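A.B. asks: Structure incoming, see below.
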Amino acid sequence: MSDDLRLPIKSDADVVTARQQGRELAARLGFGECELTLIATAISEVARNIVEYAGRGEVVLSLTDVNNSPGIIVVARDEGPGIPNLELALRDGYSTHGSLGLGLPGARRLMDEFEIVSEVGKGTTVTMKKWLPRHTMRFPLSPRR
Amino acid sequence: MKGRGNLVAVSAPAAAATDDLMRELVAHFREQRDTLRREWVEQMKAKGLLAGLTPAETETESVTIYDTCVGCLETGKYDGAQAYATRMAERGVLRGMTPEQILGGLLTLRDVYGRSLFHRYHRDIARLSAALDIYEPVANKILAIVALAFIEEREKVVREEREKLVRQQQEAIRELSTPALRVRERLLILPIIGVLDSHRARLLTEHLLRAIRANRAKVVVMDITGVPNVDSKVANHLVQTVDACRLLGATVIVTGVAPEIAQTLTAIGVDLGRIITVCDLQGGIDEADRLLGYRVIATDPGGPSFQAARAQEG
Amino acid sequence: MQVPILKQGDYLIASVQAVLTDTDLLELRDRLTEQVGTYRARAVIIDLTVLDVMDSFATRTLRALAQSLRLRGAATVIVGIQPDVAFAMTQLGLQLGSVATALDLEEGLELLRRQERRGGSHVR
Numbered sequence: 185m186s187d188d189l190r191l192p193i194k195s196d197a198d199v200v201t202a203r204q205q206g207r208e209l210a211a212r213l214g215f216g217e218c219e220l221t222l223i224a225t226a227i228s229e230v231a232r233n234i235v236e237y238a239g240r241g242e243v244v245l246s247l248t249d250v251n252n253s254p255g256i257i258v259v260a261r262d263e264g265p266g267i268p269n270l271e272l273a274l275r276d277g278y279s280t281h282g283s284l285g286l287g288l289p290g291a292r293r294l295m296d297e298f299e300i301v302s303e304v305g306k307g308t309t310v311t312m313k314k315w316l317p318r319h320t321m322r323f324p325l326s327p328r329r
Numbered sequence: 016m017k018g019r020g021n022l023v024a025v026s027a028p029a030a031a032a033t034d035d036l037m038r039e040l041v042a043h044f045r046e047q048r049d050t051l052r053r054e055w056v057e058q059m060k061a062k063g064l065l066a067g068l069t070p071a072e073t074e075t076e077s078v079t080i081y082d083t084c085v086g087c088l089e090t091g092k093y094d095g096a097q098a099y100a101t102r103m104a105e106r107g108v109l110r111g112m113t114p115e116q117i118l119g120g121l122l123t124l125r126d127v128y129g130r131s132l133f134h135r136y137h138r139d140i141a142r143l144s145a146a147l148d149i150y151e152p153v154a155n156k157i158l159a160i161v162a163l164a165f166i167e168e169r170e171k172v173v174r175e176e177r178e179k180l181v182r183q184q185q186e187a188i189r190e191l192s193t194p195a196l197r198v199r200e201r202l203l204i205l206p207i208i209g210v211l212d213s214h215r216a217r218l219l220t221e222h223l224l225r226a227i228r229a230n231r232a233k234v235v236v237m238d239i240t241g242v243p244n245v246d247s248k249v250a251n252h253l254v255q256t257v258d259a260c261r262l263l264g265a266t267v268i269v270t271g272v273a274p275e276i277a278q279t280l281t282a283i284g285v286d287l288g289r290i291i292t293v294c295d296l297q298g299g300i301d302e303a304d305r306l307l308g309y310r311v312i313a314t315d316p317g318g319p320s321f322q323a324a325r326a327q328e329g
Numbered sequence: 155m156q157v158p159i160l161k162q163g164d165y166l167i168a169s170v171q172a173v174l175t176d177t178d179l180l181e182l183r184d185r186l187t188e189q190v191g192t193y194r195a196r197a198v199i200i201d202l203t204v205l206d207v208m209d210s211f212a213t214r215t216l217r218a219l220a221q222s223l224r225l226r227g228a229a230t231v232i233v234g235i236q237p238d239v240a241f242a243m244t245q246l247g248l249q250l251g252s253v254a255t256a257l258d259l260e261e262g263l264e265l266l267r268r269q270e271r272r273g274g275s276h277v278r
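Line by line, the protein sequences are chains A, B and C. Following my numbering, the numbering of the first sequence begins with 185 at its first residue and continues without gaps. Following my numbering, the numbering of the second sequence begins with 16 at its first residue and continues without gaps. Following my numbering, the numbering of the third sequence begins with 155 at its first residue and continues without gaps.
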């Protein structure tokens, strides 16, 4: 699988596009509604961080299949000011913009894997992965909407 | 110099000589086919390597293996051995044959071939060692191919078994995840029985949220009497579930928090302030009725049958 | 896309029709805060049925909106949050705090009516 979707992020409309594209790509892989919402929300958080702190950057979506376990990879990259203290940024409730500061630690909780590399003055790259549950179980309840 | 290209260090005349010797070996093994093969089967039988095989199977299998090996020697190609090894591993593993049986059989065959070469060339040490130089790498390679196929097959079986186990465990979890029961309009009861780990808490929440929407429930009574080891982790799952339900406009009443658990949770600082707790399930249902504006009146004050009636408010 | 705001009696109903960008949401916040004064509305219902994502920004904005509406004398009820969205919000650690919630528009209206019957004071 070599679907590589590069999405430039420079405005809040791009944040919406990124999470919609992410949802669609993950749906193609067979994720359930609940996981799709988690993935879309996580993308929303990291993409908004780009707009908020760096002004511009990109989100790259791709599918992976390591050892027969398929998943989606989200990379959010910017060349903004970088994060001086990563440990602090990943702590719940920390924010330099007076917000709730749940963006990064929240996104980390929503995904299976989360990795962040940041260099002051150079930029930040967040890589998140979510694996398709091997035997996705769905409860036969009411459909959405 | 067909097929033996890996012996490049040999000079041209020497290579031609090696080729001749190889053809001689092939011819020898073909000539001796019946004798050597029978000897091999006898040895395997003596070592107890044929357990579980019928005589007919032994006959066909041994012919195929014998000819495949000679074929590899002749052509220098191992496709045949590879294909056969895979098939053999599949069957062997499925029938529960041990690696000792399969590899032991091949080691025996290598022995039989080797001895026959020794027997033929033992008067000419130089020729014997040239013959062994040709024969041994082929035998080793075949062994490696079979061993690898066998290991791969084993891994496949182990993997399949593990997946089956995971499936079974998930079935068990699904069974334990008691569905939300609708007691009356707008009221769901969710008795949780068994260990509540994060995976199950997640499934349970997902399920409960959908049930709330499907039943248009306003109150959920969640009974945790049957949950062992209620610690801060479990409590946090519960708080999350309650919060999620609230986002859908439903109130959750938690029942069955044992006194010692309540004390422990308070001591370790779990914030249960947002959760309505009532000590037992009956109390929880009464509280739910109150929230919903129901009033329960006995139609037969002496009997056990009760009927829910809407209070004047609704 | 602008979110339509309907006036129904003493209430304002903002029903979100499509995905919201941050700008749309801030614009909704400003218009609601203003119109609550214009129409002297006693409560606002925000219908989020179509939203498939509620991230930290949206939650924060709605919470702040509810607080400022309360200062303007109106209660806020948020309705229509989807089960999956509610699940993701709690996983993310998001809460709506003291903002009232209901399953859908009908339930939201019912909640407000019940509050009125109880003596005028609205949900807090």
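For each residue, glycine too, the CB sits at the ideal point set by N, CA and C. Treat the numbers as computed from the prediction; the structure is a model and nothing was measured.
(1) Put residue 179(B) into one of helix, strand or coil per three-state DSSP.
(2) To the nearest angstrom, report how far apart residue 242(A) and residue 172(B) are at their CA atoms.
(3) Inspect the beta-carbon positions of residue 195(B) and residue 203(B) and report whether they are closer than 8 Å.
(4) What residue from 54(B), 40(B), 160(B) has the CA that sits closest to residue 118(B)'s CA?
(5) Using the beta-carbon of each residue, which ones in chain C are nearer than 7 Å to residue 287(A)?
(6) For residue 83(B), which residues of its own chain have a beta-carbon under 6 Å away from its beta-carbon, when the five flanking residues on both sides are left out?
(7) Relative to the alpha-carbon of residue 224(A), which residue among 202(C), 230(C), 207(C), 244(C) has its alpha-carbon at the smallest distance?
(8) In this structure, how does DSSP classify residue 193(C) when only helix, strand and coil are distinguished?
(9) Note down, in chain order, every chain C residue with its Cβ under 9 Å from the Cβ of residue 119(B).
(10) Go ahead and pull the three-state DSSP assignment for residue 256(C).
(11) Return the CA-CA distance between residue 65(B) and residue 49(B), expressed in angstroms with no decimal places.
(12) With DSSP as the reference, please indicate the residues paired to residue 260(A) in a beta bridge.
(13) Along chain B, in chain order, which residues have C-beta atoms closer than 7 Å to that of residue 235(C)?
(14) Of all the CB atoms in chain A, is at least one closer than 8 Å to the CB of residue 232(C)?
(15) How is the beta strand (DSSP E) around residue 60(B) delimited, first residue to last?
(16) Pull the bridge partners of residue 196(B) from the DSSP assignment, please.
(17) With a threshold of 8 Å between beta carbons, is residue 225(A) in contact with chain C?
(18) For residue 243(C), which residues in chain B fall below 9 Å Cβ to Cβ?
(19) Should residue 177(C) be flagged as near chain A, meaning a C-beta pair shorter than 8 Å?
(20) In this structure, how does DSSP classify residue 266(C) when only helix, strand and coil are distinguished?
(21) Among residues of its own chain, excluding the 5 on either side of residue 116(B), which ones have a beta-carbon nearer than 6 Å to its beta-carbon?
(22) Under 7 Å between beta-carbons, which chain C residues line up against residue 222(A)? List them in chain order, please.
(23) Per DSSP, what kind of secondary structure is residue 86(B) in: helix, strand or coil?
(24) Tell me whether residue 298(A) sits in a helix, a strand or coil according to DSSP, three-state version.
(25) By the DSSP assignment, the alpha helix (DSSP H) with residue 120(B) in it spans what residues?
(26) Less than 6 Å between C-beta atoms, sequence neighbours within five positions excluded: which residues of the same chain meet that for residue 54(B)?
(27) Is DSSP giving residue 190(A) helix, strand or coil here?
(28) By how many angstroms is the C-alpha of residue 44(B) removed from the C-alpha of residue 145(B)?
(29) If you follow the beta strand (DSSP E) that residue 162(C) is part of, which residue opens it and which one closes it?
(30) Using a threshold of 8 Å, state whether the C-beta atoms of residue 204(C) and residue 230(C) are closer than that.
(31) Residue range of the alpha helix (DSSP H) that residue 274(A) falls in?
(32) Report yes if the C-beta distance between residue 196(A) and residue 176(C) is below 8 Å; otherwise report no.
(33) According to DSSP, residue 237(B) sits in a beta bridge with which residue or residues?
(34) Assuming residue 219(C) is part of the alpha helix (DSSP H), what are its boundary residues?
(35) Using a 10 Å radius around the Cβ and a threshold of 16 neighbouring Cβ atoms, would you call residue 217(A) buried or exposed?
(36) By the 10 Å Cβ neighbour count, where 16 or more other Cβ atoms means buried, how is residue 67(B) classified, buried or exposed?
C.D. replies: Taking the definition as stated:
(1) Start at 1 with the first residue of the second sequence, and residue 179(B) comes out as number 164. DSSP places residue 179(B) in helix when its eight states are reduced to three.
(2) Residue 242(A) sits at position 58 when you count from the first residue of the first sequence. Residue 172(B) sits at position 157 when you count from the first residue of the second sequence. Rounded to the nearest angstrom, the gap between the Cα atoms of residue 242(A) and residue 172(B) is 43 Å.
(3) Indexing the second sequence from 1 puts residue 195(B) at position 180. Indexing the second sequence from 1 puts residue 203(B) at position 188. In this structure, residue 203(B) lies closer than 8 Å to residue 195(B) by Cβ.
(4) Walking along the second sequence from the start, residue 118(B) turns up at place 103. Of 54(B), 40(B), 160(B), the residue nearest in Cα terms is 160(B).
(5) In the first sequence, counting from the first residue as 1, residue 287(A) sits at position 103. For residue 287(A), the chain C residues whose C-beta falls within less than 7 Å of its own C-beta are 210, listed in chain order.
(6) Here residue 83(B) corresponds to residue number 68 of the second sequence, with the count starting at 1. Same-chain partners within the cutoff: 95, 96, 99.
(7) As a working mapping, residue 224(A) is identified with position 40 in the first sequence. Out of 202(C), 230(C), 207(C), 244(C), 207(C) has the C-alpha closest to the C-alpha of residue 224(A).
(8) The sequence position of residue 193(C) within the third sequence is 39, counting from 1. If DSSP states are grouped into helix, strand and coil, residue 193(C) belongs with coil.
(9) Counted from its first residue, the second sequence places residue 119(B) at position 104. Neighbours of residue 119(B) on chain C: none; closest Cβ ~55 Å, over 9 Å.
(10) On the third sequence, residue 256(C) is found 102 positions in, with the first residue counted as 1. Assigned with DSSP and collapsed to three states, residue 256(C) falls in strand.
(11) One-based indexing of the second sequence puts residue 65(B) at position 50. One-based indexing of the second sequence puts residue 49(B) at position 34. Separation of residue 65(B) and residue 49(B) (C-alpha to C-alpha, rounded to the nearest whole angstrom) is 18 Å.
(12) Looking up residue 260(A) in the first sequence gives position 76. Looking at the DSSP assignment, residue 260(A) forms a beta bridge with 243(A), 310(A).
(13) Looking up residue 235(C) in the third sequence gives position 81. Neighbours of residue 235(C) in chain B, taken as residues whose beta carbon is under 7 Å from its own, are 262, 263 in chain order.
(14) Translated into positions along the third sequence, residue 232(C) becomes position 78. Residue-level contact check: residue 232(C) does not touch chain A, since none of the beta carbons of chain A fall below 8 Å from its beta carbon.
(15) Position 45 of the second sequence, counting from 1, holds the residue named residue 60(B). Careful: residue 60(B) lies outside any beta strand (DSSP E), inside the alpha helix (DSSP H) at 48-61.
(16) Here residue 196(B) corresponds to residue number 181 of the second sequence, with the count starting at 1. According to DSSP, which records beta bridges pairwise, residue 196(B) is partnered with 204(B).
(17) Mapped onto the first sequence, residue 225(A) falls at position 41. It does: the Cβ of residue 225(A) has a partner Cβ on chain C nearer than 8 Å.
(18) Locating residue 243(C) in the third sequence gives position 89, where the first residue counts as 1. Chain B residues near residue 243(C): 258, 259, 262.
(19) Taking the third sequence and counting its residues from 1, the one referred to as residue 177(C) is at position 23. Interface flag for residue 177(C) against chain A is set, since a Cβ pair is found closer than 8 Å.
(20) As a working mapping, residue 266(C) is identified with position 112 in the third sequence. The answer is helix: DSSP assigns residue 266(C) an H, G or I state.
(21) As a working mapping, residue 116(B) is identified with position 101 in the second sequence. Around residue 116(B): 64.
(22) Within the first sequence, residue 222(A) is the residue found at index 38, counting from 1. Chain C residues near residue 222(A): 242, 245.
(23) Your numbering for residue 86(B) matches position 71 in the second sequence. Residue 86(B): helix per DSSP, three-state reduction.
(24) In the first sequence, counting from the first residue as 1, residue 298(A) sits at position 114. In the three-state reduction of the DSSP assignment, residue 298(A) falls in the strand class, which pools E and B.
(25) For the purposes of this step, residue 120(B) is identified with residue 105 of the second sequence, where counting begins at 1. Its alpha helix (DSSP H) spans residues 114-136.
(26) Here the question's residue 54(B) lines up with position 39 in the second sequence. Hits under 6 Å: 127.
(27) For this step, residue 190(A) is matched to residue 6 along the first sequence. Strand.
(28) As a working mapping, residue 145(B) is identified with position 130 in the second sequence. As a working mapping, residue 44(B) is identified with position 29 in the second sequence. Each residue's CA atom was taken as its position, placing residue 145(B) and residue 44(B) some 16 Å apart.
(29) Within the third sequence, residue 162(C) is the residue found at index 8, counting from 1. Per DSSP, residue 162(C) belongs to the beta strand (DSSP E) from 159-162.
(30) Locating residue 204(C) in the third sequence gives position 50, counting from the first residue. Locating residue 230(C) in the third sequence gives position 76, counting from the first residue. Against a cut-off of 8 Å, the Cβ pair of residue 230(C) and residue 204(C) comes out as no contact.
(31) Mapped onto the first sequence, residue 274(A) falls at position 90. Counted as a single uninterrupted DSSP element, the stretch harbouring residue 274(A) is not any alpha helix (DSSP H), since DSSP gives it neither H nor E.
(32) Within the first sequence, residue 196(A) is the residue found at index 12, counting from 1. Within the third sequence, residue 176(C) is the residue found at index 22, counting from 1. Yes. Within cutoff.
(33) Taking the first residue of the second sequence as position 1, residue 237(B) is located at position 222. 205(B), 269(B).
(34) Translated into the one-based positions of the third sequence, residue 219(C) becomes position 65. Counted as a single uninterrupted DSSP element, the alpha helix (DSSP H) harbouring residue 219(C) occupies residues 210-225.
(35) Taking the first residue of the first sequence as position 1, residue 217(A) is located at position 33. Under a 10 Å Cβ-count criterion, residue 217(A) is classified as buried, with 16 or more other Cβ atoms of the shown protein chains found around its own Cβ.
(36) For the purposes of this step, residue 67(B) is taken as the residue at position 52 of the second sequence. A residue is called buried once 16 or more other Cβ atoms fall within 10 Å of its Cβ, and residue 67(B), having fewer, is exposed.
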